[in-house]
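First the structure, in the form of structure tokens, and then the observations on it.
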Amino acid sequence: MDRALLLVALACYLAPLLGRDGARMRVLAARWWVPAGILLHIQGLLLVVWAEGLSMGSMTEGLGFTALVLVLAREWFARRPRMALLRRILLALTCVLLAFAAFAPRSVGAGQASSPFFLLHIGLVLTGFAGFALTFSMSSLYLVVRRRLKQKRLDDLGRLPSLASLDALILRTMLFGFVTLTAGIAVGMAWSMNRTGRLLPGDVTSVLTMAVWLWYLVGLSARVAVGWRGRVVALFGVAGFVVFMLIAGLSFAVSGWHGAGS
Amino acid sequence: MSRGIVAVGLSHHTAPVELRERLAVPSDSVPGLLGDLRTTGLGQEALLLSTCNRVELYAVTANSHDGEAIATWLAERSGLVPRRTLPHLYRHSGDAAVRHLFRVTSSLDSMVLGEPQIVGQVREAYRLAQETKAAGPVLHRVMDRALSVAKRVRSETRIAREAVSIGRAGVELASQVLGGLKSKSAMLVGAGEHGRIVARSLLDYGLTELVVANRTFSRGAEVARDFGASAIPFEEVSRYLDRVDIVLTSTSAGRILLDRGALQAVARRRRFKSLVLIDLSVPRNIDPAVDDVDGLFRFDIDDLRQVADSGKVAREAAAVDAERIVAEEAQEFWRWLEQAELHARIGSMSRKAEQIRLAELKRASSMMDRLSPEDRKTVEAMTRSIVKKLLHEPIRSSRLLAAEGDHHGLDVLFNALGGDLPPVEDD
């Protein structure tokens, strides 16, 4: 039932794409189906938590939560006409993550669920990753707009955001992701120290998380401290997220979060 | 004679900017070119219009087929291979050439339909032709008419009001990269017309600071004063590249002023902070190879056209009325020109007949001297009447042939009656 709700939410997000541009059905779908999808999405996530325990540690919960942040961000940009392409990128990413969430194997972070520190740690880390997912979307759009300008495809520029505004959004989302991830890691370290006497569990997930943290630290340093901007930072945003998703997917399939998966 | 008006050239419709800049003629070289053309005998009168978007040569030639020869001459003179260049060159002759000139002057053939700059450029080309004495009676007539047609098009249609200017297009492109113009600065290199137009638009849309650099400092200072900007020596340009957000080049240097190497170094020093380079010069002043350098966004005149074309639909609707006016005016002018030519040929023929009559009377002077004054008057009236009656039928036929548009018949008729005739006199 919980997974089915996530799939129905996915269908709701895709519904406004049916029918031709500007058609009444399509306008109505955008107005009602997406909010309905968000409600179903939240309800589905709550049911997952109910079924798998309040761990936030399962792949379904992690991906489902990130997808929820993305779809909310998409709605945030709904009234900005120049962000139409960004909304499409966010929708595509939401759908991919939600589909993975719906079909991911069930897993429970059983022993860890009881600790509020662990919940805070996972919550912050996932929020950080959601921030990086947004960075990925902004960065992808930056590269698209930049490419169009460089290739002199200038016919419908009015429908695209400016490079400067995307650059600013990349910086903000990257900072948001980095700060929340840093906070999540700090909480996780405190919890781990308290529980095992070690700062890092030393498993694949913790190493991967630190690698992601380091990656974005370099990206942010290049942007803020050194002053680099534009394509280099956008490539950082895209590559970081893609590589992270690939490795995270593989490592989770093998061991689950901190070895607590299936 | 008037059938020898030809228009040869290329424009943004037929040739890429690379070719246009090879064929472009700086204003100080125009007199030389017009002189050369007349020396070759290809054109009796000539006018050259060389703008960022077009290079066109209007000439009054001995016959309408000279367009081909002029096209080849133009390509060769520019150091181009005619075989490769000729496909890009259009040739219009006779009424088509007149109509083309009217369309160009009325901005119906412009990159941005309805843009106002072209009238000034045509006027300048005409001034140069007049100064170099390359414009004769036919060109005087056709240019005066072209300028008045442009005025009529602008006042009777909405084409000018609906135009998205090159300036606005520049603002759009800069904003697409920089996000907005508030707290942004720009440098105008050169004092070309397009550069000044874009600079004015940037200021209107919130640009905070503008500096002007020109080879002639006093001219730069003059332009800067018009904008309420500051002038800098031309040597300071490279230093300012690190500081400004937008660079506009609009010079007649005819060569690359900012090359890839220099701009790549600038991009590095700026840590790839976006720099918008708008090159409004033809030939271009900014090396197109900078397109692959991070942080640099170069746009040339063709790119501005793309943006300006976005409001094309409204202007195209207005252009329908403008085309009607141009067609009407071109037809009327052509009719006038044919009539003028016919009158000139008839006048020439009549003068020739009168010369013959007077010569014959002179030859018979010994006999005429013996006549009483009354008889002499009678003989003179009789010879005049004979000439008039003899000419009556050819003149009537020539008018009929002209009305039917039978140019070949007219040529045959006049050649049979008198051979080559002197050129049309301005009336």
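Taken in sequence, the protein lines are chains A and B. Once you know that position 257 of the first sequence is 257 in the working numbering, the rest is easy, because the numbers rise by one and skip nothing. Once you know that position 239 of the second sequence is 1239 in the working numbering, the rest is easy, because the numbers rise by one and skip nothing. By construction, the Cβ of each residue, glycine as well, lies at the ideal position given by its N, Cα and C atoms. From a predicted model like this one, the values you see are computed outputs, not experimental measurements.
**Item:** Alpha carbon of residue 12 of chain A to alpha carbon of residue 33 of chain A, nearest angstrom
**Value:** In the first sequence, counting from the first residue as 1, residue 12 of chain A sits at position 12. In the first sequence, counting from the first residue as 1, residue 33 of chain A sits at position 33. Cα to Cα, the separation comes out at about 5 Å.
**Request:** Using the Cα positions of residue 1350 of chain B and residue 1358 of chain B, report the straight-line distance between them to the nearest angstrom.
**Result:** Position 350 of the second sequence, counted from the start, is the residue given in the question as residue 1350 of chain B. Position 358 of the second sequence, counted from the start, is the residue given in the question as residue 1358 of chain B. Residue 1350 of chain B and residue 1358 of chain B have their alpha carbons spaced roughly 12 Å apart.
**Request:** Name, please, each residue of chain B whose Cβ falls closer than 7 Å to the Cβ of residue 165 of chain A.
**Result:** As a first step, residue 165 of chain A must be located in the first sequence, where it is residue number 165. Per Cβ cutoff of 7 Å: 1179.
**Message:** Against chain B, does residue 227 of chain A count as a neighbour if the rule is that its beta carbon must be under 8 Å from one of theirs?
**Reply:** Translated into positions along the first sequence, residue 227 of chain A becomes position 227. Residue contact check for residue 227 of chain A against chain B: a CB pair falls below 8 Å.
**Message:** Check this for me: beta carbons of residue 5 of chain A and residue 40 of chain A, under 8 Å apart or not?
**Reply:** The sequence position of residue 5 of chain A within the first sequence is 5, counting from 1. The sequence position of residue 40 of chain A within the first sequence is 40, counting from 1. In terms of Cβ geometry, residue 5 of chain A and residue 40 of chain A form a close pair [threshold 8 Å].
**Item:** Extent of the continuous beta strand (DSSP E) to which residue 1187 of chain B belongs
**Value:** For the purposes of this step, residue 1187 of chain B is identified with residue 187 of the second sequence, where counting begins at 1. Unbroken beta strand (DSSP E) run through residue 1187 of chain B: 1185-1189.
**Request:** Give every residue of the same chain whose Cβ lies closer than 7 Å to the Cβ of residue 1422 of chain B, excluding the five residues on either side of it in the sequence, and list them in chain order.
**Result:** What you label residue 1422 of chain B is simply residue 422 of the second sequence in a count that begins at 1. Interpretation of residue 1422 of chain B is limited by its pLDDT of 45, a score under 50 that renders its predicted location unreliable; no figure is taken from the coordinates.
**Prompt:** Starting from residue 1174 of chain B and walking both ways along the alpha helix (DSSP H), at which residues does that stretch end?
**Reply:** For the purposes of this step, residue 1174 of chain B is taken as the residue at position 174 of the second sequence. Annotation for residue 1174 of chain B: the continuous alpha helix (DSSP H) segment containing it runs 1166-1178.
**Prompt:** Are the region 1183-1200 of chain B and the region 1244-1262 of chain B touching by the rule of at least three beta carbon pairs closer than 8 Å?
**Reply:** Yes: the two stretches touch, three or more of their Cβ pairs being nearer than 8 Å.
**Prompt:** For the region 1271-1293 of chain B, which residues have a CB atom closer than 9 Å to at least one CB atom of chain A, in sequence order?
**Reply:** Here the close residues are 1271, 1272, 1273, 1274, 1291 and 1292.
**Bridge-paired residues (DSSP) for residue 1233 of chain B** = Position 233 of the second sequence, counting from 1, holds the residue named residue 1233 of chain B. BP columns for residue 1233 of chain B point to B:1214.
**Item:** Distance between residue 1116 of chain B and residue 1092 of chain B (C-alpha atoms, nearest Å)
**Value:** Within the second sequence, numbered from 1, the residue matching residue 1092 of chain B stands at position 92. Within the second sequence, numbered from 1, the residue matching residue 1116 of chain B stands at position 116. Pairing residue 1092 of chain B with residue 1116 of chain B, the inter-Cα distance amounts to about 24 Å.
**Prompt:** Helix, strand or coil: which one does DSSP assign to residue 1256 of chain B?
**Reply:** Along the second sequence, one-based indexing puts residue 1256 of chain B at 256. DSSP places residue 1256 of chain B outside both helix and strand once states are collapsed to three, so it counts as coil.
**Prompt:** Do the CB positions of residue 1008 of chain B and residue 1062 of chain B come within less than 8 Å of each other?
**Reply:** As a working note, residue 1008 of chain B is residue 8 in the second sequence. As a working note, residue 1062 of chain B is residue 62 in the second sequence. No, they are not a contact pair.
**Cutoff 8 Å: residue 260 of chain A Cβ touching any chain B Cβ** = Sequence index remark: in the first sequence, residue 260 of chain A carries index 260 (1-based). Reliability fails at residue 260 of chain A, whose pLDDT of 43 lies under 50, so the model's placement of it is uncertain and the value that follows must be treated cautiously. For residue 260 of chain A, not one C-beta of chain B is nearer than 8 Å to its own C-beta.
**Request:** Would you mind telling me which residues of chain A sit closer than 7 Å to residue 1295 of chain B, beta carbon to beta carbon, in chain order?
**Result:** The residue labelled residue 1295 of chain B in the question sits at position 295 within the second sequence. Going along chain A in sequence order, the residues near residue 1295 of chain B (Cβ under 7 Å) are 230.
**Cβ-Cβ separation, residue 1019 of chain B to residue 1010 of chain B (assumed contact under 8 Å), whole Å** = Against the second sequence, residue 1010 of chain B aligns to sequence position 10. Against the second sequence, residue 1019 of chain B aligns to sequence position 19. Contact holds; Cβ gap of about 7 Å.
**Prompt:** Any residues in the region 142-155 of chain A with a beta carbon nearer than 7 Å to a beta carbon of chain B? Which ones, in chain order?
**Reply:** Residues passing the 7 Å Cβ filter: 149, 150, 152, 154 and 155.
**Asked** Expressed to the nearest angstrom, what Euclidean distance is found between the alpha-carbon atoms of residue 1261 of chain B and residue 1287 of chain B?
**Response** The residue labelled residue 1261 of chain B in the question sits at position 261 within the second sequence. The residue labelled residue 1287 of chain B in the question sits at position 287 within the second sequence. Cα to Cα, residue 1261 of chain B sits roughly 9 Å from residue 1287 of chain B.
**Request:** Would you kindly report the start and end of the unbroken alpha helix (DSSP H) that includes residue 1404 of chain B?
**Result:** Sequence index remark: in the second sequence, residue 1404 of chain B carries index 404 (1-based). 1373-1404 is the extent of the alpha helix (DSSP H) around residue 1404 of chain B.
**Message:** I need the DSSP call for residue 1050 of chain B, collapsed to helix, strand or coil.
**Reply:** Residue mapping note: residue 1050 of chain B aligns to position 50 of the second sequence, counting from 1. In the three-state DSSP reduction, residue 1050 of chain B falls in the strand class (E or B).
**Request:** Using a Cβ-Cβ cut-off of 8 Å, state whether residue 192 of chain A counts as contacting chain B.
**Result:** As a working mapping, residue 192 of chain A is identified with position 192 in the first sequence. Not one chain B Cβ lies under 8 Å of residue 192 of chain A.
**Asked** At a Cβ threshold of 8 Å, is residue 157 of chain A touching chain B?
**Response** Counting from 1 along the first sequence, the entry for residue 157 of chain A is found at position 157. Taking Cβ atoms only, chain B reaches closer than 8 Å to residue 157 of chain A, which makes this a yes.
**Request:** Determine the chain A residues that contact residue 1303 of chain B at a beta-carbon separation under 7 Å, and present them in chain order.
**Result:** On the second sequence, position 303 is the one that residue 1303 of chain B refers to. For residue 1303 of chain B, the C-beta contacts it makes with chain A under 7 Å involve 152 and 154, in order along the chain.
**Request:** Return the CA-CA distance between residue 1258 of chain B and residue 37 of chain A, expressed in angstroms with no decimal places.
**Result:** Here residue 1258 of chain B corresponds to residue number 258 of the second sequence, with the count starting at 1. Here residue 37 of chain A corresponds to residue number 37 of the first sequence, with the count starting at 1. Within the model, the alpha-carbon separation for residue 1258 of chain B versus residue 37 of chain A is close to 54 Å.
**Contact check, residue 1176 of chain B vs residue 149 of chain A, beta carbons under 8 Å** = For the purposes of this step, residue 1176 of chain B is identified with residue 176 of the second sequence, where counting begins at 1. For the purposes of this step, residue 149 of chain A is identified with residue 149 of the first sequence, where counting begins at 1. Closer than 8 Å, so yes.
**Prompt:** So the alpha helix (DSSP H) residue 142 of chain A belongs to, where does it begin and stop?
**Reply:** By one-based count along the first sequence, residue 142 of chain A stands at place 142. First-last of the alpha helix (DSSP H) with residue 142 of chain A: 116-150.
**Request:** Give the C-beta separation of residue 976 of chain B and residue 1107 of chain B to the nearest angstrom, bearing in mind that I take them to be a contact with Cβ-Cβ under 8 Å.
**Result:** Shown here, chain B extends from 1001 to 1427; a query on residue 976 of chain B therefore has no answer.
**Request:** Look at residue 1298 of chain B and residue 1307 of chain B and say whether their C-beta atoms are less than 8 Å apart.
**Result:** Within the second sequence, residue 1298 of chain B is the residue found at index 298, counting from 1. Within the second sequence, residue 1307 of chain B is the residue found at index 307, counting from 1. Not in contact: residue 1298 of chain B and residue 1307 of chain B (Cβ atoms no closer than 8 Å).
**Item:** Simplified DSSP state of residue 13 of chain A, which is helix, strand or coil
**Value:** One-based indexing of the first sequence puts residue 13 of chain A at position 13. In the structure shown, the three-state DSSP call for residue 13 of chain A is helix.
**Asked** To the nearest angstrom, how far is it from the Cα of residue 245 of chain A to the Cα of residue 93 of chain A?
**Response** Here residue 245 of chain A refers to the residue found at position 245 of the first sequence. Here residue 93 of chain A refers to the residue found at position 93 of the first sequence. Those two C-alpha atoms are separated by around 12 Å.
**Asked** In terms of alpha-carbon separation, which member of B:1389, B:1363, B:1397 and B:1142 lies closest to residue 1101 of chain B?
**Response** Along the second sequence, one-based indexing puts residue 1101 of chain B at 101. Measuring from the Cα of residue 1101 of chain B, the nearest candidate turns out to be B:1142.
**Request:** Buried or exposed for residue 61 of chain A, please, with buried defined as at least 16 other CB atoms from any protein chain shown within 10 angstroms of its CB.
**Result:** Against the first sequence, residue 61 of chain A aligns to sequence position 61. Residue environment analysis places residue 61 of chain A among the buried positions, since at least 16 neighbouring C-beta atoms fall within 10 angstroms of its C-beta.
**Message:** Please tell me whether residue 1122 of chain B and residue 1305 of chain B are closer than 8 Å, where the distance is taken between their beta carbons.
**Reply:** Sequence index remark: in the second sequence, residue 1122 of chain B carries index 122 (1-based). Sequence index remark: in the second sequence, residue 1305 of chain B carries index 305 (1-based). Contact: no.
**Request:** Give the DSSP bridge partners of residue 1009 of chain B, in chain order.
**Result:** Against the second sequence, residue 1009 of chain B aligns to sequence position 9. Looking at the DSSP output, residue 1009 of chain B sits in a beta bridge with B:1056 and B:1090.
**Message:** Strictly under 8 Å for the Cβ-Cβ distance: is residue 1332 of chain B near chain A by that measure?
**Reply:** The residue you call residue 1332 of chain B lines up with position 332 of the second sequence. The C-beta of residue 1332 of chain B comes no closer than 8 Å to any C-beta of chain A.
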